[in-house]
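This report concerns only the one structure given below.
2 protein chains.
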Amino acid sequence: MTDSDTNSTPERKRGSGVKMVYDLLRDEILDLVLPPGSPIDEVQLAERFKMSRTPIREALVRLAGEGLIDTLPNRSTMVSNIDFLNMHTFFDALVLMYRVTTRLAAQYHRAEDLQVIRAHQADFAAAVAAQDALAMIATNAAFHSAIAEAGRNAYFTGLFNRLLDEGRRILRLYYQSYEDRLPQRFVEEHEDIIAVIAARDSEAADRLATIHAEQIVQQIQKLFARGGKLDIAL
Amino acid sequence: MTDSDTNSTPERKRGSGVKMVYDLLRDEILDLVLPPGSPIDEVQLAERFKMSRTPIREALVRLAGEGLIDTLPNRSTMVSNIDFLNMHTFFDALVLMYRVTTRLAAQYHRAEDLQVIRAHQADFAAAVAAQDALAMIATNAAFHSAIAEAGRNAYFTGLFNRLLDEGRRILRLYYQSYEDRLPQRFVEEHEDIIAVIAARDSEAADRLATIHAEQIVQQIQKLFARGGKLDIAL
DNA sequence: TGCATATTATTTGTCGACAAAAATTATGCA
DNA sequence: TGCATAATTTTTGTCGACAAATAATATGCA
């Protein structure tokens with residue numbers, strides 16, 4: 146607390162403040178360090194990062210644009226809630242994006258994409274071997290995000306990444322420090338998915354992605370004990 | 146230029162400035178009043194709306210979040226370009242969202258949704274009858290957006306509305322004041338789509354939406370004279 | 001005491017100003 | 001003249017301060 150010297154200490158590049166605050170708040174929200182409903186105090190953040198409220202507010206506007214925080218006009222702003230009532234809409238969107246992005250990856254991927262995908266798969270396998278649930282969530286998301294990138298459709302990757310973020314938040318609710326046996330099966334399924342992508346087999350990619358996605362959904366739904374799966378038999 | 150009186154003239158509610166600027170800029174971008182590549186000058190906007198740069202910048206941050214403008218750090222900001230090279234990714238996403246939202250509308254719509262949908266269809270029919278191409282684009286988008294809302298999946302409606310916005314921008318390039326005969330067919334197809342939604346026939350909804358969407362895509366693609374339709378035979 | 005109103009305090013939205021970064025123009029030297 | 005460097009202008013990012021809006025607290029009256 147002893148602010149010893151009075152010289153101006155910028156110590157920070159010009160446009161980097163907003164990105165720093167945005168990235169950190171985003172991580173804290175997705176990791177549930179800031180659980181849903183947590184109040185966001187501009188002044189507090191400003192003195193925490195030793196900058197004025199202006200860049201803080203810009204970061205908050207961005208987060209609000211992605212739906213990660215809710216802003217009441219002239220009132221408080223807080224971390225957005227997870228909508229458990231409409232969870233099925235999340236699952237529907239997630240399954241469909243799993244399918245579409247994997248299918249497109251099989252169609253449009255390049256050689257270098259496969260290397261990236263395999264690297265993420267190695268990370269995921271390592272996380273499973275280490276029984277590190279938090280790392281599993283992160284590396285699994287990175288794996289599927291890389292597949293989506295290989296599909297080269299910015300509209301789908303955009304939605305998919307948002308869904309994976311939201312899924313990260315949901316999964317954190319349950320796998321705080323939890324060991325599980327199921328993931329070994331996921332590792333094998335990932336290998337199969339890589340194989341059909343490499344073989345450019347769109348139909349098989351769609352099929353495997355569907356099974357894979359619905360398994361994940363079912364695993365989460367077991368936690369919620371909710372029925373009513375929506376059958377988008379496309 | 147003669148700043149006659151010095152009394153403070155707020156004349157405007159506290160949080161309304163950003164929304165006003167955001168809405169107006171958004172419309173001007175989508176209507177191509179501000180064509181792709183147009184420079185956005187904060188100071189100019191500030192004096193145009195008689196407010197400081199702060200609310201202007203907040204509106205710009207939001208628009209950048211939606212990809213409608215591109216911001217170079219410490220450099221200029223301009224209206225984002227339309228990516229003609231990857232136009233097929235737009236079509237893929239558009240067709241899929243047409244299908245999914247129409248299917249979900251058949252499944253989850255309520256009685257009051259149909260009234261809204263039919264009202265938009267009436268507007269569309271009126272625009273076609275009046276040969277008003279610009280109104281056709283707007284009312285057609287509103288019609289399908291209403292269907293998406295009836296499907297009650299915020300993730301899909303979010304992406305779909307963004308796609309419809311982008312489509313509005315693309316179509317404006319060609320239908321500046323253009324008369325066309327095709328739309329009459331669209332009116333009939335819309336009626337058919339309403340019927341199968343009302344009948345809660347998901348499969349038929351999917352089928353009609355696919356045909357409808359691919360027709361629109363083909364019509365646009367004729368203008369581009371590009372081949373290579375991606376077959377997402379789901 | 002209980003409730004309505006008034007006062008104070010906190011927080012948000014906006015402003016004008018300044019400084020850093022880049023673009024533009026001017027200057028010097030070969 | 002041609003080009004590199006320096007000075008100037010323009011534009012953006014950040015800051016501290018103020019005012020509106022709301023929340024919290026205090027006061028008055030039955």
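Chains S and X are the protein sequences, given in the same order. The number in our numbering is simply the position in the first sequence, starting from 1, with 145 added. The number in our numbering is simply the position in the second sequence, starting from 1, with 145 added. The C-beta atom is built at its ideal place from N, Cα and C for all residues, glycine as well. Note that the coordinates shown come from a computational prediction; the quantities given were computed from them, not determined experimentally.
Asked                                                                                                                                      : Found
CB contact flag (Thr-284 (chain X), His-265 (chain X), <8 angstroms)                                                                       : yes
Phe-301 (chain S): contacting residues in chain X (beta-carbon distance under 7 angstroms)                                                 : Ala-238
Minimum C-alpha distance to Thr-302 (chain S) - residue among S:Gln-329, S:Ser-161 and S:Ala-291                                           : S:Ala-291
Length of the line joining the Cα atoms of Phe-269 (chain S) and Leu-316 (chain S)                                                         : 16 angstroms
Bridge partners - Asp-186 (chain S), DSSP secondary structure assignment                                                                   : In DSSP, Asp-186 (chain S) forms no bridge with anything.
Cβ distance (whole Å) where Thr-355 (chain X) is taken to contact Val-166 (chain X) below 8 angstroms                                      : That pair is no contact at about 39 angstroms.
Asp-310 (chain X) - containing alpha helix (DSSP H), residue span                                                                          : 299 to 317
CB contact below 8 angstroms: Phe-382 (chain S) versus chain X                                                                             : The structure shown has nothing for residue 382 (chain S), since chain S only spans 146 to 379.
Whole-angstrom distance between Ile-201 (chain X) and Ile-338 (chain S), CA atom to CA atom                                                : 47 angstroms
Residues of its chain near Ser-322 (chain X), where Cβ-Cβ distance is below 7 angstroms and the 5 sequence neighbours each way are ignored : The pLDDT assigned to Ser-322 (chain X) is 47, lower than 50, so where the model puts this residue is not dependable, and the model offers no usable value.
Exposure label - Ala-238 (chain S); buried when at least 16 CB within 10 Å                                                                 : buried
C-beta neighbour in chain X for Arg-297 (chain S), strict 8 angstroms                                                                      : yes
CB-CB length for Ile-357 (chain S) against Glu-334 (chain S), believed under 8 angstroms                                                   : The identity of residue 357 (chain S) in the sequence shown is His, whereas the question assumes Ile. Indeed they touch by this definition, with Cβ atoms about 5 angstroms apart.
Distance CB(Leu-249 (chain X))-CB(Gly-296 (chain X)) smaller than 8 angstroms                                                              : yes
Short CB-CB distance (under 8 angstroms) between Glu-294 (chain S) and chain X                                                             : no
Alpha-carbon spacing of Ser-347 (chain S) relative to Met-242 (chain S), whole angstroms                                                   : 14 angstroms
Sheet register partners of Val-245 (chain X) (DSSP bridge)                                                                                 : Its beta-bridge partners do not exist; DSSP assigns none.
Residues of the region 196 to 212 of chain S with Cβ closer than 8 angstroms to any Cβ of chain X, in chain order                          : Thr-199, Arg-202, Glu-203, Val-206, Arg-207, Gly-210 and Glu-211
Nonlocal neighbours in the same chain, by C-beta distance under 6 angstroms from Ala-272 (chain X), ignoring five residues either side     : Ala-280, Met-281 and Thr-284
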